[in-house]
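Protein chains in written order, with the numbering used here: chain A, 1 to 122; chain B, 1 to 271. A quick write-up on the structure given underneath.
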């Protein structure tokens with residue numbers, strides 16, 4: 001998935017939640033990513049929708065009688081986390097997107113330091 | 001002299017191992033000791049030998065396993081003596097890489113006039129060479145400035161009885177999904193190693209390849225890798241590399257190109 005699009009259908013009410021970017025790549029020299037996230041959502045049915053993330057127990061934003069929304073934030077990321085959208089007063093989770101942190105380094109220094117022979121292509 | 005130099009390296013490594021306060025540690029919990037990958041794409045490496053084909057690269061397999069001290073890394077078998085925040089020192093057994101060119105040699109037939117005025121057809125081919133098992137030591141250092149790899153390997157299989165000293169440095173520049181890694185280095189090859197692979201013995205000589213003795217020399221190499229991470233498993237990569245053979249090897253009658261050029265573009269899947 002290059003640019004991330006998470007899509008969840010809850011019953012007949014399809015809700016699409018898109019997040020860019022969805023991948024943070026770290027290595028032994030940089031353990032976190034400073035990213036600008038853009039979250040877009042669309043729903044077939046107008047209603048009350050709220051956007052959450054793993055970073056906060058309170059909504060990042062809420063929309064009333066809306067069928068689409070947009071949210072942007074800058075965040076330093078060093079672990080995988082999720083954005084999710086809830087609908088209605090029951091706060092039912094209707095769509096979710098995961099932002100993955102992928103480390104190119106390992107905890108084994110030898111693997112990070114060892115370069116394959118000059119004739120190897122990897 | 002070469003063997004005594006190798007012994008000094010190994011003795012120094014054992015001394016480091018005995019005094020180092022930080023030893024190699026096992027991978028973190030949940031982290032596999034294995035690294036498995038496969039690259040599919042297209043590439044070629046030129047062959048400096050006369051009467052030889054270039055080497056096509058369509059697939060490359062990455063198999064590595066790192067235990068607490070022992071490791072296997074794509075043909076290299078190693079034992080870690082020291083692994084600290086500042087450097088890693090390993091003993092490494094490997095197979096020499098110069099032999100790879102001799103797998104793609106051809107046989108040619110040439111016509112010559114003999115003393116009686118007749119024409120004779122001669123079969124001509126590049127002399128065959130064997131793989132050599134080598135044992136040595138390597139020092140790996142890295143930091144924000146990049147990385148450095150220094151190694152010394154000596155033949156222990158009785159194939160060429162020579163020594164190679166290798167130095168390589170580079171740096172990875174990462175911008176999220178993109179990574180660019182230029183590197184370059186030198187490789188000194190002893191007279192025995194160079195002469196075994198690039199020399200022509202009296203009994204091997206023919207009309208195209210007269211007898212030749214190669215001395216010691218220094219190869220230089222440069223490499224550039226650009227990669228783009230598509231997802232957790234797939235990476236697109238482009239690699240270009242150049243190696244300039246030492247003057248003694250390049251002057252050999254079995255060599256007709258001093259530069260070895262390699263390139264590859266494809267996709268890597270990491271398991």
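Ideal Cβ positions, reconstructed from N, Cα and C, are used throughout, including at glycine.
Assigned exposure category for residue i - 16 Cβ within 10 Å defines buried
{"i": "residue 63 of chain A", "result": "buried"}
{"i": "residue 48 of chain B", "result": "buried"}
{"i": "residue 113 of chain A", "result": "buried"}
{"i": "residue 254 of chain B", "result": "buried"}
{"i": "residue 129 of chain B", "result": "buried"}
{"i": "residue 153 of chain B", "result": "buried"}
{"i": "residue 92 of chain B", "result": "buried"}
{"i": "residue 126 of chain B", "result": "buried"}
Proximity test, Cβ basis, 8 Å: residue i and chain B
{"i": "residue 98 of chain A", "result": "no"}
{"i": "residue 36 of chain A", "result": "no"}
{"i": "residue 107 of chain A", "result": "yes"}
{"i": "residue 113 of chain A", "result": "yes"}
{"i": "residue 50 of chain A", "result": "no"}
{"i": "residue 123 of chain A", "result": "Because chain A in this structure spans residues 1 to 122, residue 123 of chain A falls outside the shown range and cannot be described."}
{"i": "residue 23 of chain A", "result": "yes"}
{"i": "residue 78 of chain A", "result": "no"}
{"i": "residue 27 of chain A", "result": "yes"}
{"i": "residue 75 of chain A", "result": "no"}
Beta-carbon spacing of residue i, residue j below 8 Å
{"i": "residue 222 of chain B", "j": "residue 180 of chain B", "result": "no"}
{"i": "residue 192 of chain B", "j": "residue 144 of chain B", "result": "no"}
{"i": "residue 110 of chain A", "j": "residue 71 of chain B", "result": "yes"}
{"i": "residue 166 of chain B", "j": "residue 187 of chain B", "result": "yes"}
{"i": "residue 95 of chain A", "j": "residue 22 of chain A", "result": "no"}
{"i": "residue 35 of chain A", "j": "residue 24 of chain A", "result": "yes"}
C-beta neighbour in chain A for residue i, strict 8 Å
{"i": "residue 71 of chain B", "result": "yes"}
{"i": "residue 123 of chain B", "result": "no"}
{"i": "residue 82 of chain B", "result": "no"}
{"i": "residue 63 of chain B", "result": "no"}
{"i": "residue 258 of chain B", "result": "no"}
{"i": "residue 24 of chain B", "result": "Confidence is the limiting factor: at residue 24 of chain B the pLDDT is only 45, short of 50, which leaves the residue's position unreliable, though a coordinate-based value still follows. Cβ-Cβ to chain A under 8 Å: yes for residue 24 of chain B."}
{"i": "residue 174 of chain B", "result": "yes"}
{"i": "residue 177 of chain B", "result": "yes"}
{"i": "residue 31 of chain B", "result": "yes"}
{"i": "residue 149 of chain B", "result": "yes"}
{"i": "residue 140 of chain B", "result": "yes"}
{"i": "residue 21 of chain B", "result": "Residue confidence for residue 21 of chain B is low, a pLDDT of 37 falling below 50, so the modelled location carries little weight; the figure read from the coordinates is stated next. Chain A, which has no Cβ nearer than 8 Å to the Cβ of residue 21 of chain B, makes this no."}
{"i": "residue 35 of chain B", "result": "yes"}
heavy atom of the ligand NAP below 7 Å from residue i C-beta
{"i": "residue 48 of chain A", "result": "By its list of ligands, the structure shown contains no ligand whatsoever, and the ligand NAP lies outside what it can speak to."}
TODO: Any chance you could list the alpha helix (DSSP H) runs of at least 4 consecutive residues sitting entirely within the region 92 to 157 of chain B, in chain order?
DONE: none
Task: Runs of beta strand (DSSP E) lying entirely within the region 41 to 75 of chain B, each at least 3 residues, in chain order - done: You should have 55 to 66 and 70 to 73.
Task: Whole runs of the beta strand (DSSP E) within the region 26 to 87 of chain A, excluding any shorter than 3 residues - done: 33 to 53, 56 to 77 and 81 to 87
Task: Cβ contact (3+ pairs, closer than 8 Å) linking the region 128 to 145 of chain B and the region 227 to 239 of chain B - done: no
Open item on the list: Pairs of beta-carbons, one from the region 86 to 103 of chain B and one from the region 148 to 167 of chain B, closer than 8 Å: are there three or more?
Closed with: yes
Task: beta strand (DSSP E) segments (min. 3 residues) lying fully within the region 181 to 269 of chain B - done: 217 to 229 and 234 to 244
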